[in-house]
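Notes for the one structure printed next.
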Amino acid sequence: MNFPERFSNLPPYAFPRLRALLDHHTPGGDVVHMTIGEPKHDFPSWVTDVIVENASGFQSYPPNEGSVELRGAIANWIKRRYDVSVDALTQVMALNGTREGLYNAAMALCPEQKNGQRPVVLIPNPFYQVYMVASISVAAEPVFVPATAETGHLPDYASLSPDVLNRTAVAYICSPANPQGAVASRDYWTKLIQLAEQYDFRIFADECYSEIYRDTAPVGALSVAKDLGADPERVVLFNSLSKRSNLAGLRSGLIAGGPETMKRVHQLRAYSGAPLPAPLQAAAARVWGDETHVVQNRALYQEKYRIADHVFTGLDGYMAPQAGFFLWLPVQDGEAAALKLWQETGVRVLPGAYLAQGAGGDNPGAGYIRVALVAPADQTETALRKLRSCLY
1045 MNFPERFSNL PPYAFPRLRA LLDHHTPGGD VVHMTIGEPK HDFPSWVTDV
1095 IVENASGFQS YPPNEGSVEL RGAIANWIKR RYDVSVDALT QVMALNGTRE
1145 GLYNAAMALC PEQKNGQRPV VLIPNPFYQV YMVASISVAA EPVFVPATAE
1195 TGHLPDYASL SPDVLNRTAV AYICSPANPQ GAVASRDYWT KLIQLAEQYD
1245 FRIFADECYS EIYRDTAPVG ALSVAKDLGA DPERVVLFNS LSKRSNLAGL
1295 RSGLIAGGPE TMKRVHQLRA YSGAPLPAPL QAAAARVWGD ETHVVQNRAL
1345 YQEKYRIADH VFTGLDGYMA PQAGFFLWLP VQDGEAAALK LWQETGVRVL
1395 PGAYLAQGAG GDNPGAGYIR VALVAPADQT ETALRKLRSC LY
């Protein structure tokens, strides 16, 4: 049987690689998982009640694009959070988690050619792996742009040649960034949107960590695009309840954009979508409408920021994250550090190279480990102290 050649050389996904690296070694202490970004804080207790109250909805096929109530709640949240008005029926769609949307948006929106040539998809490096697979799936050329300390841990897309930019159809950007925790400033968004206007490409703004931050809420791409008077089709927003509300398993995400953008996304999803069951949509609508639990959740992460800052005081190269819940810690070799930490302490972290593209010294993640601050504060502090003692 023949398989598509474009998928034959995909690098192994990060977590199977991690298991291959660590699992045949005995942990050196009580196991603490700090690899995956799976929130462990409590979600609102009333979520279960809403699901039960709407359980009869399991008998029916759910609205593919999201119920009117859910899309309305999302549109209201976008207005509260970003001060941008979007039409709930024509500019918003509910997702089965943002990974689905980040992939399918490329399928729906990336042209077969751009200016008569193979299109380019710009990807920050390190990156969320779905960006790469989406670009390969649409036969575009993925162009990985380093997001390093020298660039403020965000990609400098303006540094690319006009040849690349003229072929660019889509630029993915994650802010707050996974894994580095860097936040795109208003100036950064302004320059990127102006670049997209100049070279006529779409920005896929992955803002899933937007509600976890230290002091000031990160500015959103939609806000800046509105203030600039940019083409309303220019920016496509993605977000979810996974991090904001500790509901990764609920699979409630959103995509929002211009009417023409969303018309094409809706059309594809009519054939390929996997909508949330109606009771989960009812719960998601309530959660998008509530901010009390979000403030409480953010306070828990802010406490862990303070713990990390204290534990790593004086560590050369330590970058206190602006937002999100990962530490991006410098080491000589990420794989060697992760293995040493596992064998000597039982603390499990992810080598940064597994989140980036490139070999050896050309891989911008090779000299880092990613550490997820998802455990309770006391466990987090104990694990971070073990980590510092072991590796530094």
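Throughout, this note's numbering is defined as the position within the sequence shown, counted from one, plus 1044. From the three backbone atoms N, C-alpha and C, an ideal C-beta is built for every residue, glycine too.
| Query | Result |
| --- | --- |
| H1085 and N1341: beta carbons closer than 8 Å? | yes |
| Tell me the DSSP secondary structure of N1140 in three-state form. | strand |
| W1386: which of G1196, D1259, C1434 sits nearest, CA to CA? | C1434 |
| Figure out for me which residue from V1208, A1221, A1318, V1136 has the closest Cα to the Cα of Y1172. | A1221 |
| Can you give the Cα-Cα distance for M1151 and L1394, rounded to whole angstroms? | 30 Å |
| In this structure, how does DSSP classify G1102 when only helix, strand and coil are distinguished? | The question names Gly, yet the displayed sequence has Phe at residue 1102. If DSSP states are grouped into helix, strand and coil, F1102 belongs with the helices. |
| Suppose only complete runs of 4+ residues qualify. What are the alpha helix (DSSP H) ranges in the stretch 1325 to 1409, listed by chain order? | 1336 to 1355, 1378 to 1389 |
| The beta strand (DSSP E) spanning L1298 covers which residue range? | 1296 to 1300 |
| Between which two residues does the beta strand (DSSP E) containing N1283 stretch? | 1279 to 1284 |
| Starting from the C-beta of A1184, find all residues in its chain whose C-beta is less than 8 Å away, skip the five residues before and the five after it, and write them out in chain order. | A1150, C1154, R1162, P1163, V1164, V1165, A1213, V1214 |
| How do the stretch 1100 to 1112 and the stretch 1266 to 1285 stand: do at least 3 beta-carbon pairs fall below 8 Å, yes or no? | no |
| Opposite P1220 in the DSSP bridges: which residues? | Beta-bridge pairing links P1220 to no other residue. |
| Is the separation between the beta-carbon of Y1216 and that of Y1175 shorter than 8 Å? | yes |
| Per DSSP, A1249 forms a beta bridge with which residues? | I1217, L1281 |
| Can you give me the start and stop residues for the alpha helix (DSSP H) that E1097 sits inside? | 1090 to 1097 |
| Taking C-beta to C-beta, are N1407 and P1083 nearer than 8 Å? | no |
| Is it the case that the Cβ atoms of A1453 and N1169 are separated by a distance below 8 Å? | The requested residue 1453 does not occur in the structure, where the chain is confined to residues 1045 to 1436. |
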